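Numbering (the UniProt record's numbering), first residue to last: 1 to 285.
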C-alpha cells in the first residue's frame, strides 16, 4: 500500500499526459482539405486581404489583424523582420496549414478556402530551413517533385540545383541512401536536393522559408545560385534575414508585430537611415 501511495504522483501525471494526448487526437481540424474546387491553372498573383489570424493553440494571441499583402504574378517578395513578426505565418496561410479567422487569402482572385488543398499545393513549391527528406535514395527524394518524371528530367533538375557534381561524386551516385531526414548529407547538400525536387515540380508559386539561414558562407553561395535560377519569372515569397537572400527581390516588406511597416526595393529602403529595414541590415554587418 505504501509503495502504491508513493507512486500516486507519477500515476496522476501519467493520466494527465494520456488525457492531453487524447484531447489532441479528438480535436477536429479546422482545415477541410477534401472539399472544394480544383485549381486547374495558375498565373500566380497572391493576395492576403484584411486577414485576421491566431494559431488554434493560442487563440488569444492575435498574429494578424487586418493584414494586407499582394505579390504580383512572376514577381518576388521578401518578408523580413524580427523573430515572431509574422513572416512564416504568411507561408503557413498560403499553404493552408491554417486558415485565417477572418477575411481571405487569394490566388488569382480565388479564395483558397474554396479550393481542395491537394489541388492548391500542386501549384506551390516549398523550400524550408530544414527540408523534408525521406530515408530513401537521392533519386527517389528528387522524384517526389513530379510523379512519373524521366531520369533525364531528374538529372537536369539536379544540375540546375547545383547538386549533380556532388551527387555524381558519391560512391553510389543517385542511388545513395540519404538516411532519416537526410542525416547522411551536409546541410548544403540537403538543401540542393530539396531545390532539385522543387525545380522538377516546376510550380507556379515558390515559397522559401529561411532556406539558407543554417548554411555556412560557401554552401549559401552555391545554394543561392540555385535558388536564383528557381525564382526566375516565378511568383516567389522569401522569408529570410540574410542580405544575400533578399536584396534582389522585386519588393521587400518589413514586418513588425503582424503589420507591414515598410515596403520597397532594397535600394530604396536602404536610403532611409531611420527606417526599420536599414536597422535590420546594419545588425548583420
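Glycine included, every Cβ here is placed at the ideal spot set by N, Cα and C. This structure is a prediction, so every number in the text was calculated from the model and none was measured.
Check: Candidates 257, 221, 234 and 268: which alpha carbon is nearest residue 245's?
Finding: 221
Check: Which class does residue 205 belong to by DSSP, given the choice of helix, strand or coil?
Finding: strand
Next item on the list: Classify residue 40 as helix, strand or coil using the three-state DSSP reduction.
Entry: coil
Item checked: Residues bridged to residue 65 [DSSP beta-bridge criterion] -> Per DSSP, none; premise fails for residue 65.
Check: For residue 83, does the three-state DSSP call read helix, strand or coil?
Finding: coil
Margin query: Using a Cβ distance threshold of 8 Å, determine whether the stretch 139–159 contacts the stretch 79–87, with at least three qualifying pairs required.
Written below: no
Note to self: Restricting to Cα atoms, I'd like to know which of 65, 61, 87 and 170 is closest to residue 209.
What the structure shows: 87
Check: What do you get for residue 277, buried or exposed, if any count of 16 or more other CB atoms within 10 angstroms of its CB means buried?
Finding: buried
Next item on the list: Please report how far the alpha carbon of residue 44 lies from the alpha carbon of residue 186, in whole angstroms.
Entry: 33 Å
Note to self: Tell me the rounded alpha-carbon separation between residue 184 and residue 133.
What the structure shows: 11 Å
Item checked: N-terminal and C-terminal residue of the alpha helix (DSSP H) that residue 166 is part of -> 164–169
Next item on the list: Report the rounded CA-to-CA distance for residue 148 versus residue 202, giving the unit in angstroms.
Entry: 14 Å
Notebook entry, point to check: Nearest-angstrom Cα distance between residue 122 and residue 152?
Noted result: 22 Å
Check: Going by beta carbon distance, what residues of the same chain come within less than 6 Å of residue 72, once the five residues before and after it are set aside?
Finding: 45
Item checked: Exposure label - residue 213; buried when at least 16 CB within 10 Å -> exposed
Checklist line | Option nearest residue 260 by Cα separation, candidates 182, 69, 193 and 42 | finding: 69
Note to self: By the three-class DSSP mapping on this structure, what secondary structure does residue 270 have?
What the structure shows: coil
Next item on the list: Give the DSSP-derived three-state secondary structure of residue 194 in the structure shown.
Entry: helix
Margin query: Rounding to the nearest angstrom, what Cα-Cα distance links residue 192 and residue 281 in this structure?
Written below: 26 Å
Next item on the list: Look up residue 24 in the DSSP assignment and say whether it is helix, strand or coil.
Entry: Residue confidence is low: residue 24 scores 39 on pLDDT, short of 50, so the model does not pin down where it sits. No coordinate-derived value is stated.
Next item on the list: Compute the distance between the beta-carbons of residue 51 and residue 127, then report whether it is under 8 Å.
Entry: no
Item checked: 3-residue-minimum beta strand (DSSP E) runs that sit fully inside the stretch 80–165, ordered along the chain -> 102–107 and 124–128
Notebook entry, point to check: Leaving out the 5 sequence neighbours to the left and right, which residues in its chain are closer than 7 Å to residue 181 when beta-carbon positions are compared?
Noted result: 133
Notebook entry, point to check: Where does residue 235 sit, in a helix, a strand or coil, going by DSSP?
Noted result: strand
Check: Under the three-state reduction of DSSP, which class applies to residue 224: helix, strand or coil?
Finding: helix
Note to self: I'd like to know whether the C-beta atoms of residue 98 and residue 139 end up nearer to each other than 8 Å.
What the structure shows: no
Check: Does the Cβ-Cβ distance between residue 96 and residue 62 come in under 8 Å?
Finding: no
Check: Which word fits residue 58, buried or exposed, when buried means at least 16 other C-beta atoms lie within 10 angstroms of its C-beta?
Finding: exposed
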